[in-house]
Amino acid sequence: SESIIDRVKSQQIFRRVFMYFSDLQKFMNHLEATGGLKRVKGQVDPYLEVTEIVNRACKDSVDNCALIFEKVKGSSLPLVVNAFGSVHRTATALGVDRVETLANKLKIDLEGSPEKASGQALLSLTQAAGKVQLLDERYLPPYVTCGKGLHDLPVLHSWPGDGGRYITMGQTFTQDPDSKKQNCGMYRLQVVDEESALIRFHPGSGGGDHMQAWHAYGTAMPIAIALGGPPALTWCAGLSLPSGVTETAFTSYLTGHSIDLVRCKHSALQVPANAEIVIEGTISPDDIRDEGPFGNHTGYYSEVSPAPIVKIQSVYRKESAVYPCTVVGPPPMENVYLAQANERILLALLQHDLPWVVDVHLPLEGIYHRAALVSIDAYGETAAEINQSLRQSKLLKNARLIILLDKDCDLHDIRQVYWRVINADCWDRNELFEGRMIDARKSTKRSRIIF
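Structure (structure tokens):
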């Protein structure tokens, strides 16, 4: 509606200042031109060797850059990794110098919305300003079929104890069988053979919910995994958005550019028109096998557990395709920078619902959601009430530990945080610990030092 569009106050301003990369290779070219990407020309082995090189690069504070491996044993395709592996590169992928620019844009637009709940406000914004268009396949670059299916791809076996080779940076597209609304999520896939893979849906995820809905009808669910396309959409695939808000519309709203999609060959699913590689398949009811182990971002292997099988119908790619992937492990690795961007964006939604939240910081060592520092201005609320409110949010619902601090505490100054927590009043009082939360705010009963 016109009234909602009028309230998207920052849209035209941000449309003019954004860079925008419509596909992965344009982003790579920009990184290379600005010194953010290096080429490895010698042949490398996707079994452990690539991970060893990437792990060293991620932990090199001086020479951490994106890497493209031009010759990967067993595949004709080059492989790019660590493209999002710094604060600056992740921001660049989203078209800005600092992710805070996007967070501020979202905060301004949410403030102009008449909706009190952040989910409904964001849905209205994306419906008004998000532009997603379906292209005729005649306008697409030529694609070639991978004759050996998944075995044509340079899929990594990253860690010695992994259960196999894993596709780690695919955008997985599924569709609700009734509403036909799509979801785009990021889930790992363990390659079984050239025409099948196991997929790990997170509990309560969009893809998992869609699968249950299809299987309730006794019908196989169509699925498509796109590799590449707009890097902003790749990032958004890992973002937990409010119900009803699609990843494609949110990416378009945030960047100010239309997201171009194309219909799949074997289903009605729509995937990015500029994807490097597309994998199409189906998931049948009760087709389950053991998946894992998988060395993940905690530094431990996930346990073997049942997962659905994706039966591959076709794998096709651009003639000059590049295979994108990521390596997860003990931080700092590429995924923590994607998570930091999530933190800044989701903070704007949290503050719309809970205006007393001043800031949130998820330390790298906490691995995404496991530990959160939260500064607040809510002395009228009890610790139990605060804990309950925070844990209803997308950003903090799975946090193992939440530490509450005063509004004047700089959450990004870890020395100040330690000082506040260790010297918190009355560690023996019951209300200091509320569930998985530490209330390290200053007591209002004691006089404070002014500094």
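Sequence positions in the sequence shown follow the numbering used here and run 1211 to 1661. Just so it is clear, CB atoms sit at the ideal spot from N, CA and C, and this is done for glycine as well. Quantities reported herein were computed from a predicted structural model and do not represent experimental measurements.
Using DSSP bridges, identify the partner residues of Glu1501.
Here the question's residue 1501 lines up with position 291 in the sequence shown. Bridge partners of Glu1501: Ser1515.
Bridge partners of Thr1378, per DSSP?
Walking along the sequence shown from the start, residue 1378 turns up at place 168. DSSP, once it has assigned bridges, lists no residue as partnering Thr1378.
Do Asn1484 and Gly1439 have their C-beta atoms within less than 7 Å of each other?
Position 274 of the sequence shown holds residue 1484. Position 229 of the sequence shown holds residue 1439. Their beta carbons are under 7 Å apart, which means Asn1484 touches Gly1439 by this criterion.
Here's the rule: buried if 16 or more other CB atoms are within 10 angstroms of the residue's CB, otherwise exposed. What is Trp1424?
Position 214 of the sequence shown, counted from the start, is the residue given in the question as residue 1424. Label assigned to Trp1424: buried.
Can you give me the Cβ contacts of Pro1324 inside the same chain, cut-off strictly under 6 Å, excluding the 5 residues immediately before and after it?
In the sequence shown, counting from the first residue as 1, residue 1324 sits at position 114. No residues qualify anywhere along the chain.
Based on the DSSP secondary-structure assignment, which residues constitute the bridge partners of Asp1470?
Position 260 of the sequence shown, counted from the start, is the residue given in the question as residue 1470. Answer is Gln1343, bridged to Asp1470.
Between Pro1441 and Phe1231, how many whole angstroms is the CB-CB distance? I'm expecting something under 8 Å.
Numbered from 1 along the sequence shown, position 231 holds the residue referred to as residue 1441. Numbered from 1 along the sequence shown, position 21 holds the residue referred to as residue 1231. Right, the Cβ-Cβ distance comes to about 6 Å (below 8 Å), so this counts as a contact.
Quick check on this structure: which residue in Thr1429, His1420 and Ala1276 has the alpha carbon closest to the alpha carbon of Tyr1547?
Your numbering for residue 1547 matches position 337 in the sequence shown. For Tyr1547, the nearest C-alpha among the options comes from Ala1276.
Output the distance between the C-alpha atoms of Trp1566 and Lys1341, rounded to the nearest integer angstrom.
Position 356 of the sequence shown, counted from the start, is the residue given in the question as residue 1566. Position 131 of the sequence shown, counted from the start, is the residue given in the question as residue 1341. Rounded to the nearest angstrom, the two C-alpha atoms are 33 Å apart.
Does the Cβ of Pro1370 have 16 or more other Cβ atoms within 10 Å, making it buried, or fewer, making it exposed?
Along the sequence shown, read from residue 1 onward, the residue named residue 1370 stands at position 160. The residue in question, Pro1370, is exposed, as its Cβ has fewer than 16 Cβ neighbours within 10 Å.
Opposite Pro1482 in the DSSP bridges: which residues?
For the purposes of this step, residue 1482 is identified with residue 272 of the sequence shown, where counting begins at 1. Its beta-bridge partners are Leu1471.
Considering only residues of the same chain and omitting the five flanking positions on each side of Asp1362, which have a CB-CB separation below 6 Å?
On the sequence shown, position 152 is the one that residue 1362 refers to. Within the same chain, Asp1362 has close Cβ partners Cys1356.
Ordered along the chain, which non-local residues of its own chain (more than five positions away) have a Cβ less than 8 Å from that of Ala1303?
Working through the sequence shown from its first residue, we reach residue 1303 at position 93. Within the same chain, Ala1303 has close Cβ partners Phe1231, Phe1237, Ala1293, Phe1294, Pro1441, Ala1442, Thr1444 and Trp1445.
Within its chain, find whatever has a CB closer than 6 Å to the CB of Leu1559; leave out the 5 residues flanking it on each side and keep chain order.
Numbered from 1 along the sequence shown, position 349 holds the residue referred to as residue 1559. Answer for Leu1559: Ser1328, listed in chain order.
Give me the residue from Leu1408, Ser1530 and Glu1595 with the minimum Cα distance to Phe1504.
Numbered from its first residue, the sequence shown carries residue 1504 at position 294. When each option's Cα is compared against that of Phe1504, the closest is Leu1408.
Return the CA-CA distance between Ala1609 and Arg1348, expressed in angstroms with no decimal places.
Position 399 of the sequence shown, counted from the first residue, corresponds to residue 1609. Position 138 of the sequence shown, counted from the first residue, corresponds to residue 1348. Approximately 47 Å between the Cα atoms of the pair.
Bridge partners of Pro1432, per DSSP?
In the sequence shown, counting from the first residue as 1, residue 1432 sits at position 222. For Pro1432, which the question treats as bridged, DSSP gives the partners Thr1492.
If you draw a straight line from the alpha carbon of Ala1434 to that of Gly1590, how long is it in whole angstroms?
As a position in the sequence shown, residue 1434 is number 224, starting the count at 1. As a position in the sequence shown, residue 1590 is number 380, starting the count at 1. Rounded to whole angstroms, Ala1434 to Gly1590 spans 49 Å at the Cα level.
Using a 10 Å radius around the Cβ and a threshold of 16 neighbouring Cβ atoms, would you call Asn1506 buried or exposed?
Here residue 1506 refers to the residue found at position 296 of the sequence shown. Asn1506 should be labelled buried.
Using alpha carbons as the reference points, say which of Thr1378, Ala1331, Tyr1526 and Ile1555 lies closest to Arg1308.
On the sequence shown, position 98 is the one that residue 1308 refers to. Residue Ile1555 is the option with its Cα nearest to Arg1308.
For the pair the region 1514-1527 and the region 1261-1274, tell me if three or more CB-CB distances fall below 8 Å.
No: the two stretches stay apart, fewer than three of their Cβ pairs being nearer than 8 Å.
Lys1326 to Ser1334, Cα distance in whole Å?
Taking the sequence shown and counting its residues from 1, the one referred to as residue 1326 is at position 116. Taking the sequence shown and counting its residues from 1, the one referred to as residue 1334 is at position 124. About 12 Å.
Ordered along the chain, which non-local residues of its own chain (more than five positions away) have a Cβ less than 6 Å from that of Met1229?
Taking the sequence shown and counting its residues from 1, one reaches residue 1229 at position 19. Hits under 6 Å: Gly1305.
Between Ile1648 and the rest of its own chain, which residues show a CB-CB distance below 6 Å, the 5 nearest in sequence each way excluded?
The sequence position of residue 1648 within the sequence shown is 438, counting from 1. Excluding positions up to five away in sequence, the list reads Ile1613.
Just tell me which of Leu1289, Asp1233, Asn1239 and Leu1615 has its CA closest to the CA of Gly1252.
Residue mapping note: residue 1252 aligns to position 42 of the sequence shown, counting from 1. It is Leu1289 whose Cα lies nearest to the Cα of Gly1252.
Counting Cβ pairs, one atom from each stretch, are 3 or more of them under 8 Å apart for the region 1471-1490 and the region 1375-1393?
With a cut-off of 8 Å, the region 1375-1393 and the region 1471-1490 count as touching, because enough Cβ pairs lie within range.
For the beta strand (DSSP E) that contains Cys1394, what are its first and last residues?
Within the sequence shown, the letter at position 184 stands for residue 1394. First-last of the beta strand (DSSP E) with Cys1394: Gln1392 to Gly1395.
For Gly1359, does the count of other Cβ atoms within 10 angstroms reach 16, so buried, or fall short, so exposed?
For this step, residue 1359 is matched to residue 149 along the sequence shown. Under this definition Gly1359 is a buried residue.
With DSSP run on the structure shown, which of helix, strand or coil describes Gly1438?
What you label residue 1438 is simply residue 228 of the sequence shown in a count that begins at 1. Strand, per DSSP.
Under the DSSP definition of a beta bridge, which residues are partnered with Ser1524?
Numbered from its first residue, the sequence shown carries residue 1524 at position 314. Answer is Glu1490, bridged to Ser1524.
Around the Cβ of His1622, are there at least 16 other Cβ atoms within 10 angstroms (buried) or fewer (exposed)?
By one-based count along the sequence shown, residue 1622 stands at place 412. His1622 should be labelled exposed.
Using a 10 Å radius around the Cβ and a threshold of 16 neighbouring Cβ atoms, would you call Val1282 buried or exposed?
Counting from one through the sequence shown, the residue named residue 1282 turns up at place 72. Classification for Val1282: buried.
Keeping to the same chain, check which residues put their C-beta closer than 6 Å to that of Met1396; ignore five residues upstream and five downstream.
Along the sequence shown, read from residue 1 onward, the residue named residue 1396 stands at position 186. Cβ neighbours of Met1396 beyond the five flanking positions: Ala1447 and Gly1448.
Using C-beta distances below 8 Å, list every residue in its chain close to Leu1606, excluding the 5 sequence neighbours before and after it, in chain order.
As a first step, residue 1606 must be located in the sequence shown, where it is residue number 396. So the list reads Leu1560, Val1570, His1579, Ala1582, Val1584, Leu1600 and Ile1612, once near-sequence residues are dropped.
When the Cα atoms are used, what is the spatial distance from Pro1256 to Arg1398?
Position 46 of the sequence shown, counted from the first residue, corresponds to residue 1256. Position 188 of the sequence shown, counted from the first residue, corresponds to residue 1398. Computed Cα separation, rounded: 17 Å.
Rounding to the nearest angstrom, what Cα-Cα distance links Leu1350 and Val1568 in this structure?
As a working mapping, residue 1350 is identified with position 140 in the sequence shown. As a working mapping, residue 1568 is identified with position 358 in the sequence shown. Their backbone Cα atoms lie some 46 Å apart in a straight line.
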